[in-house]
Structure formats: C-alpha cells, structure tokens
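Numbering follows numbering that gives the first Met the number 0, in which position 404 of the sequence shown is assigned residue number 403; successive positions increment by one, without gaps. Think of the CB as a built atom: it goes at the ideal place given N, C-alpha and C, for glycine as much as any other residue. Only one structure is covered here, and it is reproduced in the block below.
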Amino acid sequence: MSNSKGPFLEQYLCNTLLLIVGSNPLPNYVAASLLLRENGRVFLIHTPDTLGTAKRLQQVLCEINEVKDVKRVPIHSSSSNVIIQDGVAATIDSILGQEPVGLNYTGGTKAMAVHIYRMLEQVTAKKAIQPIFSYLDPGELRMIFDGHGNAASISHPVAGAIQVPLDVLLKLHNIDLVKDAPLSTPYLLETARALADLHSTPDGITAWRQWGLAALRRMEGNKFKSPGELKKVILPEDGVLATITMTLREEIGCPQQPLTLADVIPFSPWQAKNRREAVENLARWLFGQWLEHFTYSEIQKIAKTHKLHPSGMGISLDTDRDKSPYDFEVDVAAICGYQLFGLSCTTDDTKSLCKAKLFEADKRVHQLGGDEACVGLVSCVDNPKSLEKEMLNAWGMKPHKVRVFGYQDLMHLSNKLDEWFSHASSK
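Written as structure tokens, this is what we have:
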C-alpha cells in the first residue's frame with residue numbers, strides 16, 4: 000500500500016482520528032491512510048455488528064500501515080443517542096488535548112454519525128478546540144471536509160492519493176484466495192486476439208459456438224466431453240475458423256496437421272499439468288475463457304496511463320461462512336487507487352444470460368469494493384448500451400458505475416476500457 004497525501008491534505012492531518020466503523024472496512028481504511036499523522040492514533044467506534052470489521056481494520060492498520068496505537072471503542076446500539084453518547088463520552092474526554100483531533104463519519108449509521116459528531120463538536124467548543132470533520136464521498140471519490148461556523152465545506156479528489164492492492168483489500172475482509180494466486184499473464188494471446196477478431200461479427204460468433212458445442216461439449220447437459228474424447232478433438236481447418244487454428248499453430252510452434260488438442264498440450268501453458276487436467280483446461284479456454292485473457296491483456300495496455308493495479312484473472316476467494324460472509328469470484332479485476340473494477344466475461348450474446356452475469360458480478364464486486372466499486376461486462380451482446388441503461392435504471396446508479404461491452408467493442412476494447420476508467424476515476 001502506498002499513498003500520496005500532498006500539500007492540500009497536509010492541513011487536515013490529525014494526531015488523533017476517530018473512525019465510525021461501517022460494514023465495509025475500505026472507506027475507513029482509506030480515511031486512516033490519508034488523514035492520520037505519522038505516529039498518530041486511531042479510535043475505531045463500532046457496534047456489536049461491526050466488531051469483526053473493527054478487528055480486521057485494527058489488524059491491517061497495525062500490520063500494513065504500521066500504526067502503533069489503534070484502539071476499539073464499543074457502543075451497544077447504533078440508534079440510541081443515550082447509548083451512543085455514553086459509549087464514546089469517556090474516549091472523547093480522554094483524547095482532547097492541544098493536538099488536532101478528527102472524526103471521519105463515512106461508516107456506521109446516520110444516527111451514529113449525527114450523535115458522535117454533535118458530541119465531539121460540543122465538547123471541543125468548550126475547550127476552544129477546532130476538530131476536523133470529514134466524509135469520504137463514494138460517488139465522487141472525494142474527501143469532504145466540513146466548514147466551521149458559516150464556512151462552506153471543502154472537497155478534495157482522493158482517487159489517486161492512495162493505492163490499495165488486492166491483497167490488502169482481501170486482508171480487510173479476512174478472506175483468502177481459494178487456491179492459486181490469480182493469473183497475471185494472459186495465455187495464448189495471439190490466438191485470443193484472433194478469436195476476438197472472429198467474435199467481432201455475428202457470423203463469427205455463431206460459427207465458433209457451433210464448433211465448440213459439437214466438438215467440446217456433450218450433447219446432454221452443460222458439460223464438457225471426457226478428457227479421453229477431448230484429446231482427440233481436431234481443431235477446425237476450413238472456412239472462417241481456419242484462421243484460429245493457423246494462428247494457434249504459429250503461436251505454439253507446432254506444425255502438426257491436422258492439429259488435435261493432444262498435440263497442443265506439450266506446447267501450451269498447461270504443459271506442466273497432468274494430461275487429463277491440461278486437456279480440460281485447454282477445452283475451457285477455447286470454449287470461452289480466452290475472452291478473460293484477451294480482456295486482461297487489453298487492461299494491461301492502459302494500466303500505466305491510469306496507474307492501474309491489474310489484479311488478475313479468474314479470482315476465486317474463500318467462501319467459508321464461518322470466516323467471512325462474502326462469496327467472491329470475478330473473471331477480471333483491476334484496482335485504480337482504491338477503486339475496484341470487476342469485469343465478468345462471456346461469449347454469449349443472449350440478453351437474459353448477459354443480464355444474469357452482470358447481476359452476479361455486481362453483487363460480488365460491491366461486496367468487496369463497496370460503493371466505490373465499478374462493474375463491467377465484456378460480452379458478445381448486440382446492443383450493449385440498451386442492457387447497460389436497463390441495469391443502471393434498475394440499480395439507480397451513476398452511468399460510470401456500470402459498463403457493458405458488446406461484440407462491436409472487442410477490436411477496440413482497450414480504447415473503450417480507457418474511456419470508462421478515465422470517466423469513473425476522475426470523479
């Protein structure tokens with residue numbers, strides 16, 4: 000994790016920072032990273048419902064940010080003004096001195112924010128201390144600092160002020176990768192690009208799907224053929240599909256004709272796996288996973304421009320409900336500052352399936368990235384803007400929070416992604 004507070008934020012740094020803990024720890028973590036002075040102390044105000052979140056925040060702030068003094072302040076109700084004030088009264092009284100004190104009230108309930116805000120305001124007024132009140136706006140990616148007296152509030156963009164990599168985001172939620180680290184190198188990229196080119200027309204989409212269904216899938220059910228059957232599958236040599244086989248043959252350096260899946264394995268990224276697993280992975284890649292690899296490579300093209308932290312492909316996280324309430328799996332992810340971008344990828348062109356994929360991706364991405372997160376769908380749908388508008392209306396989100404890409408976008412995907420990231424992260 001790295002941050003750049005800059006001269007503007009310097010004037011709002013606190014020696015003592017109170018944070019009202021909400022269900023998602025990310026905004027609290029961003030606030031602490033940006034607003035706490037070196038050797039400062041943090042007080043995490045939480046209810047029984049957010050105790051787990053407070054503990055994770057405490058651990059990450061101590062281990063990653065190396066904050067030496069992080070304390071939890073429990074209150075037993077998130078709505079009763081008496082209980083809230085009783086819970087924090089002793090803490091507020093004990094921390095007041097001559098050093099700057101701040102309250103970031105992004106997390107927690109509105110009642111908690113109001114009562115703690117008023118209490119700190121009243122106590123500091125009696126001692127002629129001017130506290131710093133702040134709020135992290137998830138829609139605009141700005142830190143809002145409340146004015147004192149008749150002074151207006153001041154906002155400052157913080158989208159690029161802090162970099163939160165995926166591993167820190169996972170620690171905040173106390174969840175682990177299911178097994179392997181996310182893939183960070185696209186497989187068979189030249190072949191993936193050829194497949195993207197093929198899928199940039201309806202005829203190409205149909206032709207590859209028909210071949211895949213006939214050659215790779217069982218007739219009954221939604222399953223792949225057995226490894227024994229798959230290794231004998233011959234890649235297409237005729238018509239518009241011949242280009243795919245030719246590109247693959249050149250990319251792996253295998254002149255074999257005809258070319259079977261078994262011929263490809265020794266020259267492929269899956270060569271180290273056992274033959275059964277390798278041929279299954281190759282079949283899945285050819286049937287549709289290639290789009291994840293192509294999409295990730297397009298993100299890599301613009302990563303430097305947007306200071307992106309490309310997080311990988313096929314991210315699958317631990318779903319043990321005793322450890323974490325989250326179920327998170329996303330095809331492609333990248334983080335811009337502290338804003339998570341999660342993309343679901345499908346070669347399907349049916350609106351109903353694409354809508355279902357987008358719904359699922361939105362749920363998973365926002366579980367991890369909070370209100371700041373953005374979700375996208377890379378698909379072969381014919382009218383992506385129509386689906387995008389429908390989802391935005393259903394969710395009541397701002398336009399930059401959701402983006403749908405269709406088959407017409409595939410050959411210009413890096414430009415389309417660049418446009419989306421620019422708009423979403425400039426708020």
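Item	Value
Suppose the cutoff is 6 Å on Cβ atoms and the five residues either side in sequence are ignored; what does the same chain contact list for Thr52 look like?	Val20, Pro24
Using DSSP with H/G/I as helix, E/B as strand and the rest coil, what is Ile128?	coil
Just how far apart, CA to CA, sit Ala423 and Glu228?	46 Å
State the DSSP-derived secondary structure class of Pro265, mapped to helix, strand or coil.	helix
Are there three or more Cβ pairs, one per stretch, closer than 8 Å when the segment 375–391 is compared with the segment 259–272?	no
Using only alpha-carbon positions, find the residue among Val380, Cys335, Ala282 that is nearest to Ala302.	Cys335
So what does DSSP say about Cys61, is it helix, strand or coil?	helix
Give me the Cα-Cα distance between Glu276 and Ser225, rounded to the nearest whole angstrom.	11 Å
Mind reading off the beta-carbon distance from Leu18 to Ile44? Whole number of angstroms is fine, and I expect it under 8 Å.	7 Å
Pick out whichever of Val403, Asn414, Leu409, Ser421 has its Cα sitting closest to the Cα of Thr200.	Leu409
Does DSSP put Tyr134 in a helix, a strand or coil?	strand
In the DSSP assignment, find the alpha helix (DSSP H) that holds Ala277 and state where it starts and stops.	274–283
Looking only at its chain, what residues have a beta carbon closer than 7 Å to the beta carbon of Pro156, apart from the 5 residues adjacent to it on each side?	Leu140, Arg141
Determine the direct distance from the alpha carbon of Cys61 to that of Ser421, and round the result to whole angstroms.	33 Å
Mind the definition here: the segment 286–301 touches the segment 183–196 only if three or more C-beta pairs lie below 8 Å; say whether that holds.	yes
So who's on the other strand from Cys373, going by DSSP bridges?	Phe340
Thinking just about the alpha-carbon of each residue, which of Leu35, Asn149, Val72, Leu342 is nearest to the one in Val100?	Leu35
Here's a check: name, in chain order, each residue in its chain whose Cβ is nearer than 7 Å to the Cβ of Phe286, leaving out the five neighbours to either side.	Gly211, Leu215
Given Val29, which residues of its chain have a CB within under 8 Å of its CB, disregarding the five upstream and five downstream residues?	Leu135, Val157, Ile161, Val163, Tyr337
Please classify Asp361 as buried or exposed, where buried requires at least 16 other C-beta atoms within 10 Å of its C-beta.	buried
Quick check on this structure: which residue in Val329, Thr346, Asp348, Thr345 has the alpha carbon closest to the alpha carbon of Leu339?	Val329
Ignore the nearest five residues each way along the sequence and tell me which others in Ser76's own chain have a CB closer than 6 Å to its CB.	Ile82
Spatial neighbours of Thr49 within its chain, please: CB distance less than 8 Å, with the 5 preceding and 5 following residues excluded, ordered by chain position.	Val20, Gly21, Ser22, Gly106, Gly107
List the endpoints of the continuous alpha helix (DSSP H) containing Met390.	383–394
Cα separation between Met111 and Thr90?	15 Å
Here's a check: name, in chain order, each residue in its chain whose Cβ is nearer than 8 Å to the Cβ of Phe144, leaving out the five neighbours to either side.	Tyr11, Ile131, Phe132, Ser133, Ser152, Ile153, Ser154, His155
Leaving out the 5 sequence neighbours to the left and right, which residues in its chain are closer than 7 Å to Trp269 when beta-carbon positions are compared?	Ala277, Asn280, Leu281
Would Leu342 and Gly375 be called neighbours here (beta carbons separated by less than 7 Å)?	yes
Scan the segment 223–272 and note each continuous alpha helix (DSSP H) run of 4 residues or more that stays entirely inside, going in chain order.	226–229, 241–251, 260–263
Measure the Cβ-Cβ separation of Ile314 and Ala332 and say whether it is below 7 Å.	yes
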